[in-house]
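All remarks here apply to the structure that follows.
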Amino acid sequence: MQNKEILKTYAKIDLGALEHNYLAIKAHIDKDTPQCRVMCVVKADAYGHGAENCVKRLAGLGVRRFGVSCIEEARQVRRFAPENSDILILGYTPVENAGELAESGYIQTVYSPEYGRALSCAAVEAGQTVRVHIKVDTGMNRIGFSALDGAACAEEISKVTELGGIRAEGIFTHFACADGAIEETERQHDLFAGVLDALGEKVKGLCVHCCNSAAAMRFPEYRHDMVRVGIILYGLSPDRELALPVSLEPVMTFMTTVIHVHSLKAGERISYGGSYTAERDMRVATLGVGYADGFLRAFSGGGQVLINGSPAPVVGRVCMDQCMVDIGDREVRPGDVAVIFDSEGKNIEKLAASADTICYELVCLVGKRVKRISAENP
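Convert by adding 14 to the 1-based position in the sequence shown; the result is the number in our numbering.
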(Lines of atoms letter the chains of each structure in order from A and count residues from 1; the text may use other names and numbers.)
(Lines give C-alpha, C1' and ligand atoms only; values in the text may rest on other atoms or scores of the structure.)
Protein backbone atom coordinates (compact mmCIF):
# COMPACT_ATOMS: atom_id res chain seq x y z
CA MET A 1 0.00 0.00 0.00
CA GLN A 2 1.38 3.41 -0.99
CA ASN A 3 1.70 5.89 1.87
CA LYS A 4 0.11 9.28 1.36
CA GLU A 5 2.73 12.04 1.29
CA ILE A 6 2.36 14.48 4.17
CA LEU A 7 4.22 17.75 3.68
CA LYS A 8 5.29 20.01 6.52
CA THR A 9 5.85 22.97 4.22
CA TYR A 10 4.34 23.49 0.78
CA ALA A 11 3.00 26.05 -1.68
CA LYS A 12 -0.44 25.59 -3.16
CA ILE A 13 -0.62 26.96 -6.71
CA ASP A 14 -4.18 27.80 -7.69
CA LEU A 15 -4.23 27.52 -11.48
CA GLY A 16 -7.86 28.60 -11.48
CA ALA A 17 -6.74 31.90 -9.98
CA LEU A 18 -4.04 32.20 -12.66
CA GLU A 19 -6.69 31.71 -15.34
CA HIS A 20 -8.99 34.25 -13.68
CA ASN A 21 -6.19 36.83 -13.53
CA TYR A 22 -5.14 36.39 -17.15
CA LEU A 23 -8.70 36.63 -18.44
CA ALA A 24 -9.41 39.69 -16.28
CA ILE A 25 -6.23 41.41 -17.49
CA LYS A 26 -6.91 40.50 -21.12
CA ALA A 27 -10.49 41.78 -20.92
CA HIS A 28 -9.30 45.04 -19.40
CA ILE A 29 -6.67 45.51 -22.11
CA ASP A 30 -9.10 44.58 -24.89
CA LYS A 31 -11.70 47.09 -23.67
CA ASP A 32 -9.61 50.16 -24.55
CA THR A 33 -6.89 48.77 -26.80
CA PRO A 34 -8.17 45.68 -28.66
CA GLN A 35 -5.17 45.72 -30.99
CA CYS A 36 -2.76 45.27 -28.07
CA ARG A 37 -1.27 41.82 -27.47
CA VAL A 38 -0.44 40.42 -24.04
CA MET A 39 2.91 38.80 -23.26
CA CYS A 40 2.94 36.69 -20.10
CA VAL A 41 6.22 37.02 -18.20
CA VAL A 42 7.16 33.65 -16.70
CA LYS A 43 10.79 34.30 -15.78
CA ALA A 44 12.24 33.03 -12.49
CA ASP A 45 10.15 29.84 -12.70
CA ALA A 46 6.99 31.91 -13.19
CA TYR A 47 7.91 34.15 -10.25
CA GLY A 48 8.37 31.08 -8.08
CA HIS A 49 5.00 29.56 -8.97
CA GLY A 50 6.32 26.78 -11.22
CA ALA A 51 6.77 27.55 -14.91
CA GLU A 52 5.63 24.19 -16.26
CA ASN A 53 2.08 24.23 -14.93
CA CYS A 54 1.67 27.98 -15.36
CA VAL A 55 2.82 27.92 -19.00
CA LYS A 56 0.61 24.94 -19.78
CA ARG A 57 -2.47 26.61 -18.27
CA LEU A 58 -1.79 29.92 -20.04
CA ALA A 59 -1.17 28.15 -23.33
CA GLY A 60 -4.54 26.46 -22.93
CA LEU A 61 -6.07 29.94 -22.78
CA GLY A 62 -4.48 30.86 -26.10
CA VAL A 63 -1.34 32.61 -24.84
CA ARG A 64 1.43 32.46 -27.43
CA ARG A 65 3.83 35.12 -26.12
CA PHE A 66 6.06 34.49 -23.13
CA GLY A 67 8.81 36.56 -21.55
CA VAL A 68 11.83 35.02 -19.81
CA SER A 69 15.15 36.23 -18.45
CA CYS A 70 17.69 33.90 -20.04
CA ILE A 71 18.15 31.10 -22.54
CA GLU A 72 17.93 28.44 -19.82
CA GLU A 73 14.41 29.63 -19.02
CA ALA A 74 13.58 29.83 -22.73
CA ARG A 75 14.50 26.16 -23.12
CA GLN A 76 12.18 25.26 -20.26
CA VAL A 77 9.25 27.25 -21.63
CA ARG A 78 9.79 25.82 -25.12
CA ARG A 79 9.19 22.34 -23.71
CA PHE A 80 5.76 23.29 -22.39
CA ALA A 81 4.53 26.00 -24.78
CA PRO A 82 2.95 25.40 -28.19
CA GLU A 83 5.40 25.22 -31.07
CA ASN A 84 4.29 28.54 -32.55
CA SER A 85 4.88 30.48 -29.33
CA ASP A 86 7.12 33.56 -29.27
CA ILE A 87 9.60 33.47 -26.38
CA LEU A 88 11.36 36.77 -25.70
CA ILE A 89 14.61 36.61 -23.73
CA LEU A 90 14.64 39.89 -21.84
CA GLY A 91 18.24 39.63 -20.64
CA TYR A 92 21.70 38.63 -21.82
CA THR A 93 22.53 35.51 -23.81
CA PRO A 94 26.16 34.62 -24.63
CA VAL A 95 26.59 35.15 -28.36
CA GLU A 96 28.06 31.65 -28.63
CA ASN A 97 24.42 30.51 -28.38
CA ALA A 98 23.46 32.31 -31.59
CA GLY A 99 22.89 29.03 -33.43
CA GLU A 100 20.50 27.77 -30.78
CA LEU A 101 18.70 31.12 -30.60
CA ALA A 102 18.02 30.93 -34.32
CA GLU A 103 17.17 27.24 -34.53
CA SER A 104 14.78 27.39 -31.57
CA GLY A 105 13.14 30.60 -32.76
CA TYR A 106 13.81 32.49 -29.54
CA ILE A 107 13.70 36.28 -29.68
CA GLN A 108 16.84 37.81 -28.20
CA THR A 109 17.07 41.28 -26.68
CA VAL A 110 19.80 43.45 -28.24
CA TYR A 111 20.68 46.26 -25.86
CA SER A 112 23.89 47.88 -27.16
CA PRO A 113 25.82 48.40 -30.39
CA GLU A 114 28.60 46.16 -29.08
CA TYR A 115 26.28 43.29 -28.23
CA GLY A 116 24.46 43.70 -31.53
CA ARG A 117 27.69 43.45 -33.52
CA ALA A 118 28.91 40.45 -31.53
CA LEU A 119 25.60 38.62 -31.95
CA SER A 120 25.57 39.43 -35.66
CA CYS A 121 29.08 38.02 -36.14
CA ALA A 122 28.24 34.84 -34.24
CA ALA A 123 25.01 34.33 -36.17
CA VAL A 124 26.67 34.90 -39.55
CA GLU A 125 29.43 32.47 -38.60
CA ALA A 126 26.75 29.90 -37.70
CA GLY A 127 24.93 30.55 -40.96
CA GLN A 128 21.80 31.58 -39.05
CA THR A 129 19.51 34.56 -38.53
CA VAL A 130 18.46 35.46 -34.98
CA ARG A 131 15.17 37.18 -34.24
CA VAL A 132 15.74 40.23 -32.01
CA HIS A 133 13.95 43.01 -30.14
CA ILE A 134 15.87 46.23 -29.53
CA LYS A 135 16.01 47.49 -25.93
CA VAL A 136 16.00 51.26 -25.38
CA ASP A 137 17.13 52.68 -22.03
CA THR A 138 14.90 55.60 -21.08
CA GLY A 139 15.86 55.90 -17.42
CA MET A 140 16.16 52.49 -15.80
CA ASN A 141 19.91 52.72 -16.50
CA ARG A 142 20.30 48.97 -16.58
CA ILE A 143 20.63 47.82 -20.19
CA GLY A 144 19.60 49.41 -23.48
CA PHE A 145 20.53 51.96 -26.13
CA SER A 146 20.55 55.33 -24.37
CA ALA A 147 17.56 57.46 -25.38
CA LEU A 148 18.86 60.77 -23.99
CA ASP A 149 19.68 61.89 -27.54
CA GLY A 150 16.85 60.47 -29.65
CA ALA A 151 18.50 61.05 -33.02
CA ALA A 152 21.83 59.51 -31.95
CA CYS A 153 20.02 56.55 -30.40
CA ALA A 154 18.02 55.97 -33.58
CA GLU A 155 21.21 56.10 -35.64
CA GLU A 156 22.90 53.48 -33.46
CA ILE A 157 19.84 51.24 -33.60
CA SER A 158 19.60 51.60 -37.39
CA LYS A 159 23.20 50.51 -37.83
CA VAL A 160 22.63 47.41 -35.71
CA THR A 161 19.40 46.41 -37.44
CA GLU A 162 21.17 46.55 -40.81
CA LEU A 163 23.76 43.97 -39.74
CA GLY A 164 23.69 40.47 -41.12
CA GLY A 165 22.57 37.49 -39.05
CA ILE A 166 19.90 39.34 -37.07
CA ARG A 167 16.32 40.30 -37.89
CA ALA A 168 14.74 43.09 -35.84
CA GLU A 169 11.12 42.32 -35.01
CA GLY A 170 10.48 44.64 -32.08
CA ILE A 171 11.63 47.59 -30.00
CA PHE A 172 10.91 48.24 -26.33
CA THR A 173 11.79 50.02 -23.12
CA HIS A 174 11.10 49.44 -19.42
CA PHE A 175 9.60 51.87 -16.93
CA ALA A 176 11.36 52.34 -13.61
CA CYS A 177 8.52 53.99 -11.65
CA ALA A 178 5.28 52.89 -13.34
CA ASP A 179 3.78 51.98 -9.96
CA GLY A 180 4.67 55.39 -8.52
CA ALA A 181 5.39 58.84 -9.88
CA ILE A 182 3.36 59.52 -13.02
CA GLU A 183 5.73 62.29 -14.11
CA GLU A 184 8.73 59.94 -14.33
CA THR A 185 6.83 57.45 -16.48
CA GLU A 186 5.67 60.28 -18.74
CA ARG A 187 9.28 61.47 -19.05
CA GLN A 188 10.47 57.98 -19.95
CA HIS A 189 7.75 57.52 -22.54
CA ASP A 190 8.57 60.89 -24.09
CA LEU A 191 12.17 59.74 -24.54
CA PHE A 192 11.00 56.46 -26.05
CA ALA A 193 8.63 58.29 -28.40
CA GLY A 194 11.52 60.53 -29.43
CA VAL A 195 13.53 57.49 -30.52
CA LEU A 196 10.56 56.04 -32.40
CA ASP A 197 10.01 59.34 -34.19
CA ALA A 198 13.69 59.54 -35.12
CA LEU A 199 13.56 56.02 -36.54
CA GLY A 200 10.65 57.06 -38.76
CA GLU A 201 9.68 54.46 -41.35
CA LYS A 202 12.06 51.92 -39.81
CA VAL A 203 9.59 51.38 -36.96
CA LYS A 204 6.98 50.01 -39.35
CA GLY A 205 6.56 46.29 -38.88
CA LEU A 206 8.23 46.30 -35.46
CA CYS A 207 6.37 45.25 -32.33
CA VAL A 208 6.54 48.31 -30.05
CA HIS A 209 6.13 47.71 -26.31
CA CYS A 210 6.98 49.43 -23.04
CA CYS A 211 4.30 48.61 -20.45
CA ASN A 212 5.02 46.33 -17.52
CA SER A 213 2.24 45.24 -15.14
CA ALA A 214 1.78 48.62 -13.47
CA ALA A 215 1.96 50.62 -16.69
CA ALA A 216 -0.41 48.26 -18.49
CA MET A 217 -3.03 49.05 -15.85
CA ARG A 218 -2.32 52.78 -15.38
CA PHE A 219 -1.33 54.07 -18.83
CA PRO A 220 -3.57 52.69 -21.61
CA GLU A 221 -2.18 55.35 -23.95
CA TYR A 222 1.28 53.73 -23.69
CA ARG A 223 0.27 50.16 -24.52
CA HIS A 224 1.32 50.34 -28.20
CA ASP A 225 1.40 46.86 -29.80
CA MET A 226 1.99 44.72 -26.72
CA VAL A 227 2.16 44.78 -22.92
CA ARG A 228 4.33 42.57 -20.71
CA VAL A 229 2.46 41.42 -17.60
CA GLY A 230 4.23 39.65 -14.77
CA ILE A 231 3.37 40.16 -11.10
CA ILE A 232 -0.34 40.89 -11.68
CA LEU A 233 -0.66 37.60 -13.51
CA TYR A 234 0.07 35.91 -10.19
CA GLY A 235 -2.53 37.98 -8.35
CA LEU A 236 -0.22 40.45 -6.61
CA SER A 237 0.02 44.21 -6.93
CA PRO A 238 3.21 45.91 -8.16
CA ASP A 239 2.96 48.17 -5.11
CA ARG A 240 1.00 47.85 -1.89
CA GLU A 241 -0.31 51.41 -2.30
CA LEU A 242 -1.42 50.96 -5.92
CA ALA A 243 -5.14 50.45 -6.57
CA LEU A 244 -5.70 48.25 -9.61
CA PRO A 245 -8.68 48.46 -12.00
CA VAL A 246 -9.07 44.67 -12.11
CA SER A 247 -9.89 42.15 -9.39
CA LEU A 248 -7.02 39.71 -8.91
CA GLU A 249 -6.67 36.47 -6.98
CA PRO A 250 -3.30 35.46 -5.46
CA VAL A 251 -2.12 32.26 -7.11
CA MET A 252 0.24 31.06 -4.36
CA THR A 253 -0.68 30.10 -0.81
CA PHE A 254 2.49 29.27 1.17
CA MET A 255 1.95 27.11 4.27
CA THR A 256 3.88 25.27 6.92
CA THR A 257 3.17 23.20 10.02
CA VAL A 258 3.36 23.77 13.76
CA ILE A 259 5.86 21.10 14.85
CA HIS A 260 6.17 21.94 18.55
CA VAL A 261 4.41 24.03 21.20
CA HIS A 262 6.09 24.98 24.46
CA SER A 263 5.98 27.50 27.31
CA LEU A 264 8.64 30.01 28.35
CA LYS A 265 9.15 31.89 31.58
CA ALA A 266 9.76 35.62 31.57
CA GLY A 267 13.46 36.27 30.99
CA GLU A 268 14.12 33.16 28.89
CA ARG A 269 15.69 33.73 25.49
CA ILE A 270 14.84 32.40 22.06
CA SER A 271 16.94 31.37 19.03
CA TYR A 272 20.52 32.09 17.96
CA GLY A 273 22.26 34.79 19.94
CA GLY A 274 19.43 34.82 22.44
CA SER A 275 17.98 37.42 20.12
CA TYR A 276 14.59 37.60 21.83
CA THR A 277 13.95 37.77 25.56
CA ALA A 278 10.52 36.85 26.86
CA GLU A 279 9.07 39.85 28.66
CA ARG A 280 6.39 37.68 30.26
CA ASP A 281 5.45 34.06 30.63
CA MET A 282 4.48 33.06 27.11
CA ARG A 283 3.63 30.19 24.76
CA VAL A 284 5.64 29.68 21.64
CA ALA A 285 5.06 27.53 18.56
CA THR A 286 7.97 26.24 16.50
CA LEU A 287 7.24 26.08 12.77
CA GLY A 288 8.82 23.77 10.21
CA VAL A 289 9.97 26.56 7.91
CA GLY A 290 13.14 28.65 7.75
CA TYR A 291 15.18 30.80 5.45
CA ALA A 292 16.23 27.80 3.34
CA ASP A 293 12.54 27.53 2.41
CA GLY A 294 12.20 31.22 1.59
CA PHE A 295 10.99 32.40 5.00
CA LEU A 296 13.51 35.20 5.18
CA ARG A 297 15.85 35.82 8.09
CA ALA A 298 14.75 39.44 7.68
CA PHE A 299 11.37 38.40 9.12
CA SER A 300 13.06 37.99 12.52
CA GLY A 301 11.30 40.19 15.03
CA GLY A 302 8.94 41.76 12.51
CA GLY A 303 7.23 39.11 10.42
CA GLN A 304 4.14 37.10 11.20
CA VAL A 305 2.19 34.04 10.10
CA LEU A 306 -1.49 33.21 10.44
CA ILE A 307 -2.50 30.30 12.68
CA ASN A 308 -6.20 29.48 12.74
CA GLY A 309 -6.78 32.85 11.09
CA SER A 310 -4.99 34.92 13.74
CA PRO A 311 -1.58 36.58 13.42
CA ALA A 312 1.34 35.03 15.27
CA PRO A 313 4.44 37.27 15.33
CA VAL A 314 7.92 35.86 14.77
CA VAL A 315 10.09 35.88 17.91
CA GLY A 316 13.85 35.41 17.78
CA ARG A 317 15.96 34.90 14.70
CA VAL A 318 14.59 32.82 11.86
CA CYS A 319 16.73 29.68 11.52
CA MET A 320 17.62 27.78 8.37
CA ASP A 321 14.87 25.19 8.80
CA GLN A 322 12.65 26.45 11.61
CA CYS A 323 11.32 29.58 13.27
CA MET A 324 9.37 30.44 16.39
CA VAL A 325 6.20 32.49 16.81
CA ASP A 326 4.29 33.92 19.76
CA ILE A 327 0.87 32.24 20.01
CA GLY A 328 -0.40 34.09 23.07
CA ASP A 329 -3.09 32.17 24.93
CA ARG A 330 -4.65 30.61 21.84
CA GLU A 331 -5.24 26.88 21.52
CA VAL A 332 -2.53 25.76 19.10
CA ARG A 333 -1.34 22.18 18.66
CA PRO A 334 1.44 20.42 16.75
CA GLY A 335 0.11 19.63 13.30
CA ASP A 336 -1.84 22.88 12.97
CA VAL A 337 -1.32 24.78 9.73
CA ALA A 338 0.50 28.12 9.73
CA VAL A 339 -0.21 30.27 6.68
CA ILE A 340 2.64 32.42 5.37
CA PHE A 341 1.11 33.79 2.15
CA ASP A 342 -2.68 33.71 2.42
CA SER A 343 -5.20 33.42 -0.42
CA GLU A 344 -6.17 37.10 -0.06
CA GLY A 345 -2.62 38.42 -0.41
CA LYS A 346 -2.72 40.39 2.85
CA ASN A 347 -0.05 38.63 4.86
CA ILE A 348 2.51 38.66 2.05
CA GLU A 349 2.19 42.46 1.94
CA LYS A 350 2.79 42.65 5.70
CA LEU A 351 5.76 40.31 5.45
CA ALA A 352 7.24 42.34 2.59
CA ALA A 353 6.85 45.54 4.59
CA SER A 354 8.46 43.96 7.66
CA ALA A 355 11.53 43.03 5.60
CA ASP A 356 11.59 46.30 3.62
CA THR A 357 11.13 44.39 0.38
CA ILE A 358 8.47 43.61 -2.23
CA CYS A 359 6.11 40.74 -2.96
CA TYR A 360 8.09 39.91 -6.12
CA GLU A 361 11.10 38.92 -4.03
CA LEU A 362 9.11 36.85 -1.56
CA VAL A 363 7.39 34.62 -4.12
CA CYS A 364 10.58 34.23 -6.16
CA LEU A 365 12.54 33.14 -3.07
CA VAL A 366 10.23 30.33 -1.99
CA GLY A 367 12.80 27.54 -1.86
CA LYS A 368 13.32 24.58 -4.15
CA ARG A 369 12.58 22.08 -1.41
CA VAL A 370 9.11 23.60 -0.95
CA LYS A 371 6.85 21.44 -3.09
CA ARG A 372 4.43 23.27 -5.38
CA ILE A 373 1.04 21.58 -5.39
CA SER A 374 -1.26 22.52 -8.25
CA ALA A 375 -4.82 22.98 -7.08
CA GLU A 376 -7.97 24.81 -8.05
CA ASN A 377 -10.22 26.43 -5.50
CA PRO A 378 -13.92 25.90 -6.21
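Beta carbons are placed, not taken as given, at the ideal position from N, Cα and C, and that holds for glycine. All values reported here derive from a predicted model rather than from experimental measurement.
Pair within 9 Å by beta-carbon distance, residue 205 and residue 152: What you label residue 205 is simply residue 191 of the sequence shown in a count that begins at 1. What you label residue 152 is simply residue 138 of the sequence shown in a count that begins at 1. Cβ distance < 9 Å, so residue 205 and residue 152 count as in contact.
Selected residue, minimal CA-CA separation from residue 92, among 66, 112, 109: Translated into positions along the sequence shown, residue 92 becomes position 78. Considering only alpha carbons, the answer is 66.
Endpoints, the beta strand (DSSP E) within which residue 271 is located: Translated into the one-based positions of the sequence shown, residue 271 becomes position 257. Here the beta strand (DSSP E) through residue 271 covers 266–278.
Inter-residue spacing [alpha-carbon to alpha-carbon] between residue 63 and residue 362: What you label residue 63 is simply residue 49 of the sequence shown in a count that begins at 1. What you label residue 362 is simply residue 348 of the sequence shown in a count that begins at 1. Rounded to the nearest angstrom, the two C-alpha atoms are 15 Å apart.
Own chain partners of residue 248 with C-beta closer than 8 Å, once the 5 adjacent residues on each side are dropped: For the purposes of this step, residue 248 is identified with residue 234 of the sequence shown, where counting begins at 1. Contacts found: 32, 35, 60, 61, 63, 264, 265, 266, 377.
Which residues DSSP lists as bridging residue 385, in chain order: As a position in the sequence shown, residue 385 is number 371, starting the count at 1. 24.
At least 3 beta-carbon pairs within less than 8 Å: the segment 42–53 vs the segment 315–331: no
Paired residues, beta bridge with residue 53 - DSSP: Residue 53 sits at position 39 when you count from the first residue of the sequence shown. According to DSSP, which records beta bridges pairwise, residue 53 is partnered with 242.
Cutoff 7 Å; reference residue 229; Cβ partners in own chain excluding five residues on either side: Locating residue 229 in the sequence shown gives position 215, counting from the first residue. By the criterion of a C-beta distance shorter than 7 Å, residue 229 is surrounded in its chain by 189, 192, 199, 236, once the five residues flanking it on both sides are discounted.
Three-way DSSP call (helix, strand, coil) for residue 102 in this model: Counted from its first residue, the sequence shown places residue 102 at position 88. Residue 102 falls in the strand class under three-state DSSP.
Pairwise C-alpha distance: residue 133 and residue 141: Reading the sequence shown from its first residue, position 127 is the one you call residue 141. Reading the sequence shown from its first residue, position 119 is the one you call residue 133. In a straight line, the C-alpha of residue 141 is about 12 Å away from that of residue 133.
Bridge partners - residue 321, DSSP secondary structure assignment: In the sequence shown, counting from the first residue as 1, residue 321 sits at position 307. The partner list for residue 321 (beta bridge, DSSP) reads 324, 352.
Local Cβ density within 10 Å of residue 20, reported as buried at 16 or more and exposed below that: As a first step, residue 20 is located in the sequence shown; it is residue number 6 there, counting from the start. The residue in question, residue 20, is exposed, as its Cβ has fewer than 16 Cβ neighbours within 10 Å.
Contacting residues, own chain, Cβ-Cβ under 7 Å from residue 283 (five flanking each side not counted): In the sequence shown, counting from the first residue as 1, residue 283 sits at position 269. Excluding positions up to five away in sequence, the list reads 290, 291.
Rounded Cβ spacing between residue 138 and residue 178 (contact assumed at less than 8 Å): Counting from one through the sequence shown, the residue named residue 138 turns up at place 124. Counting from one through the sequence shown, the residue named residue 178 turns up at place 164. About 5 Å; that satisfies the 8 Å criterion.
Residue 194 versus residue 364 - alpha carbon distance: Along the sequence shown, one-based indexing puts residue 194 at 180. Along the sequence shown, one-based indexing puts residue 364 at 350. C-alpha separation (whole angstroms): 19 Å.
Separation of residue 373 from residue 298, as counted between CA atoms: Here residue 298 refers to the residue found at position 284 when the sequence shown is read from its first residue. Here residue 373 refers to the residue found at position 359 when the sequence shown is read from its first residue. Looking at the two C-alpha atoms, the distance is approximately 27 Å.
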